[in-house]
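Novice: The letter at position 241 of the sequence shown is residue 255 when you use the numbering used here, and the numbering goes up by one with no holes.
Even for Gly, the Cβ is constructed at its ideal location relative to N, Cα and C.
Quick caveat: nothing in here was measured; it's all calculated off a predicted structure.
Right, I'll just put the structure down here and ask away after.
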Amino acid sequence: MDSGFQEFAEAVAARPRGSHAASPPRFERVTVLGGGGDALMLSALCLAAGAEVTLFSAYGAELDALRAGHGIALRGAGPVGNYQVDQPDAPSIATTAELDRAVAGAEVIFLTGPVHKQRTYAMVLADHVRDGQILVLAPGRSFGAAEAAWLLRIGGATADYTIVEAQGLPYWFRITGNQIHLSAAAKVAAATLPAGREAILEGLKPFLPNVEPAINTVRSSFDDGSGLVEVPALLLGGPAVADGRPSIPDEAAPLSENETFRALIGPQHNAIMAAMADERRDVARRFGVRDLPGLAEWQERHAGALKGEGSRPVPQPDEAQRIVRCATIGSLVPLVSAAGIAGVAVPATQAMVTLAGTVLGADMGNAGRRLEMIGIDSGGIEDARRLLDDIAGGAR
C-alpha cells in the first residue's frame, strides 16, 4: 500500500466527522464551474432558490453564447421562469472567466461537466479551496469524491472542506436555444466526505431536491448504476438487439412521446444490465456494502420514465458519445478496478468497457478512475476496505 496514500487516508480520517451546523445550513453564495447544459441548469436552479450565483467558464464562447441569449429560460418541471445574466440591478447569474474570484467567497462550489473536467477542477481548486467550503460532484459516479480528495491533497490543499458525491442531477433536461426544458429525475444517493455531515445534504436540498443521504461515499459510489444502464442502452442497438419501443407499421411515423431514453432498453438490454448489476452487487459485498438497488430502480434513476413526466430525452450522437465515455471511465472502470482488488470476476462489465473503448477509439481502462491510481493497489481486500473507509470518514 502506497505510503503517501496511507498518510492521505489518515489525514482525511482525522478531520471532524460532525456537520459544521447543528441544523441544516442555508447556503447563500454558490459558484458553478462549467458552461455546459448541466452548469446552466444548476445556475438557474440556485438563483431560483434565492442564492447569489456565479458561473465560471474558461471558455469565452460559452460565456458569449450565454450573454447573447440574455439569460436562461427554464420550462417544464421545476422552477419555471426566465433567469437573467450579468444584470447589476436585479437578481441574476454573474459570469466570470476568473477562477480565483469565482470561488473566493462561495459557500458551495459545483464541479460540473464530464469526468475529465471534474478532475481538472479538483486539481486547480487545490490552491483556492478554503475552510468550510463545500465541493459538489453531481453526478459523482463511482469513487468521484475519493478521487477528488486525492487530487486536492496532492495539489497541496489542507483546508477543512467537504466533498459531496451525488449520483445524479435533479432534472433531465433538453436545451433549445436559451430554453432548458426540465423533467424531474428520480431520487439518487448522496454522501459527504468526510461522513457525518448530513446537515450539509439537507442544506443542499433547495438546489438538489432529489438527493437521499447514504452513510458514506463508499456506499454512494457502489450505489452508482449509471454505467450499467447508460452504456448498454447507448451502444447496443440495431435489429439484432431490439429496443423497448412499440412496433409500428412500415408506413407509420413513430410518436415523439415514445422517443425516450428508457425506450432504448429492450429485453436483451435488460439481460445484459442484470448481469452487470449482479457483478456490481457482488463486488460491493466484498467491500462491506449491501442492500444496493435492484435493476428496476437503477433504470428508473438513470434512464428515467418510459414516457411523459420523468422521462429522459434521447441524446444526440455527440452527447451520447460523451455520456458513454463518462459512464465508462467514471462508473464501469472503477467497478472493474475494485473487482480486481476483491478477486471477483466481472466479465459483463469488462466486456462493456472493451466495447466502449473500441467504439470511442480510446483505452478506457487506462483513462478510467482506478483505485490503484489513488494508492489502493491489489495487495488485499481488507487493506482496501480499511483505507476506503478511512477516506470516507464513516464509522468502521
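For P331, name the three-state secondary structure that DSSP assigns.
Specialist: In the structure shown, P331 sits in a helix (DSSP, three-state: H, G or I).
Novice: Hey, how far is the Cα of E66 from the Cα of T172?
Specialist: About 26 Å.
Novice: Tell me whether V129 sits in a helix, a strand or coil according to DSSP, three-state version.
Specialist: V129 falls in the helix class under three-state DSSP.
Novice: What residues match up with F70 in a beta bridge as DSSP calls it?
Specialist: The partner list for F70 (beta bridge, DSSP) reads L47 and T110.
Novice: Name the two residues that bound the continuous beta strand (DSSP E) containing R188.
Specialist: Here the beta strand (DSSP E) through R188 covers Y185 to T190.
Novice: What first and last residue would you give for the alpha helix (DSSP H) that runs through P348?
Specialist: Its alpha helix (DSSP H) spans residues V347 to A356.
Novice: What does DSSP give as the partner residue(s) for S325 in the beta ladder?
Specialist: According to DSSP, which records beta bridges pairwise, S325 is partnered with G318 and A319.
Novice: Please identify the residue among V243, L61 and E121 whose C-alpha is closest to the C-alpha of R144.
Specialist: For R144, the nearest C-alpha among the options comes from E121.
Novice: My assumption, with CB atoms under 8 Å, is that L248 sits in contact with V338. Please give the rounded CB distance.
Specialist: Right, their Cβ atoms sit about 5 Å apart.
Novice: Could you tell me the boundaries of the alpha helix (DSSP H) in which H283 lies?
Specialist: Start and end: P281 to R300.
Novice: Using the C-alpha atoms, what's the distance from Q101 back to H130?
Specialist: Answer to the nearest angstrom: the Cα atoms are 32 Å apart.
Novice: Check whether the region 79–90 and the region 39–47 touch, using three or more Cβ-Cβ pairs below 8 Å as the test.
Specialist: The answer is no - the region 39–47 does not touch the region 79–90, with fewer than three Cβ pairs under 8 Å.
Novice: Buried or exposed: E314, going by 16 or more other Cβ atoms within 10 Å of its Cβ?
Specialist: Classification of E314: buried, given that the 10 Å Cβ count is 16 or more.
Novice: Counting along the chain, where does the beta strand (DSSP E) carrying V143 start and finish?
Specialist: Neither: V143 is in no beta strand (DSSP E) and is coded neither H nor E.
Novice: Who does N96 pair with in a DSSP beta bridge?
Specialist: Partner(s): A87.
Novice: Can you name the residues that DSSP bridges to L149?
Specialist: DSSP output for L149 lists I123 and I177 as bridge partner(s).
Novice: So within the region 197–259, which uninterrupted beta strand (DSSP E) runs reach at least 3 residues, ignoring any that extend past its ends?
Specialist: Complete beta strand (DSSP E) runs here, min 3: 202–207 and 225–227.
Novice: With H, G and I counted as helix, E and B as strand and the rest as coil, what does DSSP make of Q364?
Specialist: DSSP places Q364 in helix when its eight states are reduced to three.
Novice: Can you confirm whether the region 153–170 touches the region 338–352 when touching is taken to mean that 3 or more C-beta pairs between the two stretches lie within less than 8 Å?
Specialist: Yes, the region 338–352 is in contact with the region 153–170.
Novice: Taking C-beta to C-beta, are I177 and L196 nearer than 8 Å?
Specialist: No.
Novice: In terms of DSSP beta bridges, what is I194 paired with?
Specialist: Per DSSP, L88 and I189.
Novice: In or out: D141 buried (at least 16 other Cβ within 10 Å) or exposed?
Specialist: Exposed, since its Cβ has fewer than 16 Cβ neighbours within 10 Å.
Novice: Using a threshold of 8 Å, state whether the C-beta atoms of A116 and F187 are closer than that.
Specialist: No.
Novice: Among E179, P331 and G354, which residue has its Cα nearest to the Cα of A298?
Specialist: The shortest C-alpha separation from A298 is found at G354.
Novice: Tell me the residue span of the alpha helix (DSSP H) that contains I405.
Specialist: Here the alpha helix (DSSP H) through I405 covers I395 to A406.
Novice: Considering only C-alpha positions, which residue in the set P220, F301 and M287 is nearest to A62?
Specialist: When only C-alpha atoms are compared, the closest one is P220.
Novice: Go ahead and label F19 buried or exposed: buried means 16 or more other beta carbons lie within 10 angstroms of its beta carbon, across all protein chains shown.
Specialist: Confidence in F19 is poor, its pLDDT being 46 and thus under 50, which makes the residue's placement too unreliable to answer from.
Novice: Let's test the definition: count the other Cβ atoms within 10 Å of the Cβ of D238 and tell me whether it reaches 16, buried, or not, exposed.
Specialist: With 16 or more Cβ atoms within 10 Å of its Cβ, D238 is classed as buried.
Novice: Counting Cβ pairs closer than 8 Å, one from the region 202–211 and one from the region 325–335, do we hit at least three?
Specialist: The region 202–211, when compared against the region 325–335, does not touch it at the 8 Å Cβ threshold.
Novice: Below 8 Å on the Cβ atoms is my contact criterion, and I expect A152 with G182 to pass it. Report the Cβ-Cβ distance as a whole number of Å.
Specialist: Rounded, the Cβ-Cβ distance is 7 Å, consistent with contact.
Novice: Am I right that V243 and E226 are in contact with their C-beta atoms under 8 Å? What's the rounded C-beta distance?
Specialist: That belief does not hold up - the Cβ atoms of V243 and E226 are roughly 18 Å apart, past 8 Å.
Novice: Rank A291, L402, I229 and A104 by C-alpha distance to the C-alpha of Q364 and give the top, closest one.
Specialist: Among A291, L402, I229 and A104, the Cα nearest to that of Q364 belongs to A291.
Novice: Give me the residue from N230, T110 and G241 with the minimum Cα distance to V78.
Specialist: According to the sequence shown, residue 78 is Asp rather than Val. Minimum Cα distance to D78 is reached at T110.
Novice: For L166, tell me which candidate among A180, P184, G146 and A136 has the shortest Cα-Cα distance.
Specialist: Checked all of A180, P184, G146 and A136; the closest Cα to L166 is A136.
Novice: Rounded to whole angstroms, how far is the Cβ of G90 from the Cβ of L59, which I believe are closer than 8 Å?
Specialist: No, G90 and L59 are not in contact; Cβ-Cβ is about 13 Å, not under 8 Å.
Novice: Alpha carbon to alpha carbon, how far is C340 from A200?
Specialist: The straight-line gap from Cα to Cα measures roughly 20 Å.
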